[in-house]
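Engineer: Mind the numbering: the sequence shown is residues -15 to -1, 1 to 385 in mature numbering (1 follows the signal peptide of the UniProt record, and there is no 0), read in order.
After the structure tokens below, expect a handful of questions from me.
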Amino acid sequence: MHVVFLLAIAPLLHAARIDFKDAAASPETAAEDLMGGNAKLQRLRAFNATGFRMLREGADLPLVATSFAETDTAKDLPLEWRSQLKIVSKLGEGSFGTVYKCQVLCASTPSYVTVKFIEGKSSMVKREIKLLKKMSGVSDFCVSAIGSPSSIDTETGYWIMMPLMNSGELQDLLLRCEASTCRNCSSTRNCWSKLKAPYTTPYMLALFLDVVKGVRAFHEQTGYLHADLKPENVMINCEADSCFAAVIDLGLACDPRKPRQCGRRGTPGYVAPEVWNDDSRGARLPSRDVWALGAILYEVVYSHLPPFYADRNGSKATAYNPHDDPNIPKPPKAIDELVIHMLEPDFEQRPNMSVIESSLQAVIESTSDWRARNMVAESSSERGATAPIPSCLSESHADP
């Protein structure tokens, strides 16, 4: 079976990530099986951080094109936003979309947001915008639409406004760790304290807890599954040493109530065994997102990549048993037990999001890291990790 690689593209400093799906495909069924080859998928393939790491692991990945320098080249914003926003720079561009950093003109203090233009009006694009609007005001830890109007329908596509995330991806931190003594200080675990403050292992677990909260909020608010969780789809925002993490990129999210929508989709290395095995029931359960989160947690905690990291056809993921993984220390600590349970081959044996959240909280609260312990119960604003969205963005127009 043909597998389409969904490699991440990494324009920094924004909450939105460009998904290059077939914007011309109008039938709902035309783009449902995004990994199985049943749909025409047009996504830019790029050797970003993940691509280079997969190449190092032996994967053969083609390069088509890249275009992600921050530049001043930009098209005009829709008329409805021109009194509120000004394009500062272009953060990223691909075959069906462009991401811009915009200054908020109506704010009393310097403020910025992300604006994303998506060409075309496919059902998948409409679905992503619908989900972004549904998440508005729900959770700090999951990307959402902001402003009023939060999206604008034009002849050639959609514009949507989202928060700006100013400190890059979780993947950036993982690469910093890999290139430093953080990765090389131990035979089994990453030593995050080797990086510049505020990073420690408890602090990183607190950021991962943000991600879990964001995914849980997304599940509960929309009823959808994310289906493409990976370090590139986690953005970080910091004000001084106070940070928070948020899940982004809802473009591959699927509705488990629609049998064909949650087929093979995602990024190899983070695709659950039941998805590779075409288990129609397992692929429609939140446990597929739990497995992907377990793979992310593995990279945060351990100094080795998961054995299934460079998996291209599912053979490594479907054969993997965390109980036999030599990279997981024995006897296992509480965080190791959590990783093992999240990566259980049997999706019915994995913990639900509530159990994962409480388990992480217990691990963090058992440490002496006061900053990480405080993060457990704090929102991003309570941490001082983000500035409020300027109220003027919601005053001028009603959202459609």
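Where a beta carbon is used, it is the ideal one built from N, C-alpha and C, also for glycine.
A quick note: this is a predicted structure, and the numbers were derived from the prediction, not measured.
Going straight from the alpha carbon of I114 to that of R67, what length do you get?
Structural biologist: About 21 Å.
Engineer: What residue ranges within the segment 156 to 200 form continuous alpha helix (DSSP H) runs of no fewer than 4 residues, ordered along the chain?
Structural biologist: Listed in chain order, they are 166 to 169.
Engineer: Evaluate the contact criterion for the segment 120 to 140 versus the segment 167 to 179: three or more CB pairs, one atom per stretch, below 8 Å.
Structural biologist: With a cut-off of 8 Å, the segment 167 to 179 and the segment 120 to 140 do not count as touching, because too few Cβ pairs lie within range.
Engineer: Can the beta-carbon of F332 be found closer than 8 Å to that of L270?
Structural biologist: It is a contact, given that the beta carbons lie within the stated cut-off.
Engineer: Does the contact criterion of 3 or more C-beta pairs under 8 Å hold for the segment 185 to 192 versus the segment 348 to 356?
Structural biologist: Verdict: yes, contact present.
Engineer: Which of the three DSSP states is assigned to E275 in this structure?
Structural biologist: The sequence shown places Val at residue 275, rather than the Glu named in the question. V275 falls in the helix class under three-state DSSP.
Engineer: Note the first and the last residue of the continuous beta strand (DSSP E) segment covering K101.
Structural biologist: Counting along the chain, the beta strand (DSSP E) containing K101 begins and ends at Y97 to E104.
Engineer: Where does T99 land, buried or exposed, given buried means 16+ other C-beta within 10 angstroms?
Structural biologist: It counts as buried.
Engineer: Could you please give the first and the last residue of the uninterrupted alpha helix (DSSP H) stretch that includes T303?
Structural biologist: First-last of the alpha helix (DSSP H) with T303: S300 to A304.
Engineer: Taking just the CA atoms, how far does F126 sit from S227?
Structural biologist: Each residue's Cα considered, the two are about 14 Å apart.
Engineer: So the alpha helix (DSSP H) N337 belongs to, where does it begin and stop?
Structural biologist: Counting along the chain, N337 falls outside any alpha helix (DSSP H), and DSSP gives it neither H nor E.
Engineer: Within its chain, find whatever has a CB closer than 6 Å to the CB of H204; leave out the 5 residues flanking it on each side and keep chain order.
Structural biologist: Result list for H204: P271, in chain order.
Engineer: Taking the alpha-carbon of P183 as reference, which of E367, C223, E140 and K111 has the nearest alpha-carbon?
Structural biologist: Measuring from the Cα of P183, the nearest candidate turns out to be C223.
Engineer: If you check the beta carbons only, do L159 and P216 fall under 8 Å apart?
Structural biologist: For L159 and P216, yes; Cβs fall inside 8 Å.
Engineer: Tell me whether S136 is buried or exposed, calling it buried when 16 or more other Cβ atoms sit within 10 Å of its Cβ.
Structural biologist: Flag for S136 reads buried.
Engineer: What residue does the alpha helix (DSSP H) around E259 start on, and which one ends it?
Structural biologist: That run of the alpha helix (DSSP H) goes P258 to W261.
Engineer: What distance in whole Å lies between the Cβ atoms of E329 and R335, which are believed to be in contact at a cut-off of 8 Å?
Structural biologist: Yes, R335 and E329 are in contact; Cβ-Cβ is about 5 Å, under 8 Å.
Engineer: Leaving aside the five residues before and after N262 along the sequence, list all residues of the same chain whose C-beta is less than 7 Å from its C-beta, in chain order.
Structural biologist: The residues are T303.
Engineer: Measure the beta-carbon distance from P375 to V89 and round it to whole angstroms, keeping in mind my assumption that it falls under 8 Å.
Structural biologist: Their Cβ separation, rounded to whole angstroms, is 5 Å, which keeps P375 and V89 in contact under 8 Å.
Engineer: Please report how far the alpha carbon of I233 lies from the alpha carbon of N218, in whole angstroms.
Structural biologist: If you take the alpha carbons of I233 and N218, they lie about 5 Å apart.
Engineer: Nearest to G279 by CA position, among E322, R250, V260 and A92, is which residue?
Structural biologist: Looking at the Cα atoms, E322 is the closest of the given residues.
Engineer: Would you tell me roughly how many angstroms separate the C-alpha atoms of P314 and I320, rounded to the nearest one?
Structural biologist: Going from the Cα of P314 to the Cα of I320 covers about 10 Å.
Engineer: Is it the case that the Cβ atoms of L117 and M150 are separated by a distance below 8 Å?
Structural biologist: No. Outside cutoff.
Engineer: Rounded to a whole number of angstroms, what is the C-alpha to C-alpha distance between M338 and A370?
Structural biologist: So the alpha carbons of these two residues sit roughly 24 Å apart.
Engineer: Got a sec? Which residues, its chain only, sit under 8 Å from M327 by beta carbon, not counting five neighbours each side?
Structural biologist: Result list for M327: V275, W276, L278, G279, L282, R335, P336 and I341, in chain order.
Engineer: State the beta-bridge partners of D138 as determined by DSSP.
Structural biologist: The partner list for D138 (beta bridge, DSSP) reads Y143.
Engineer: Are there 16 or more other CB atoms within 10 angstroms of the CB of L210, so buried, or fewer, so exposed?
Structural biologist: The residue is buried, with at least 16 neighbouring Cβ atoms inside 10 Å.
Engineer: Taking all protein chains shown into account, decide if T35 is buried (16 or more other Cβ within 10 angstroms of its Cβ) or exposed.
Structural biologist: Low per-residue confidence applies at T35: pLDDT is 46, beneath 50, and the placement is therefore not dependable enough to give any value.
Engineer: Which one of L192, I103, T141 and V285 has the shortest CA to CA distance from C176?
Structural biologist: Of L192, I103, T141 and V285, the residue nearest in Cα terms is V285.
Engineer: Return the CA-CA distance between N306 and G267, expressed in angstroms with no decimal places.
Structural biologist: Computed Cα separation, rounded: 17 Å.
Engineer: Relative to the C-alpha of residue 391, which residue among Y143, S364 and K71 is closest?
Structural biologist: Absent from the structure is residue 391, since the part of the chain shown begins at -15 and ends at 385.
Engineer: Taking the continuous alpha helix (DSSP H) assigned at S108, which residues delimit it?
Structural biologist: Taken as a continuous stretch (DSSP letters only), the alpha helix (DSSP H) holding S108 covers S108 to K119.
Engineer: Let me know the secondary structure DSSP gives F229 once reduced to three states.
Structural biologist: Note: F229 maps to strand in three-state DSSP.
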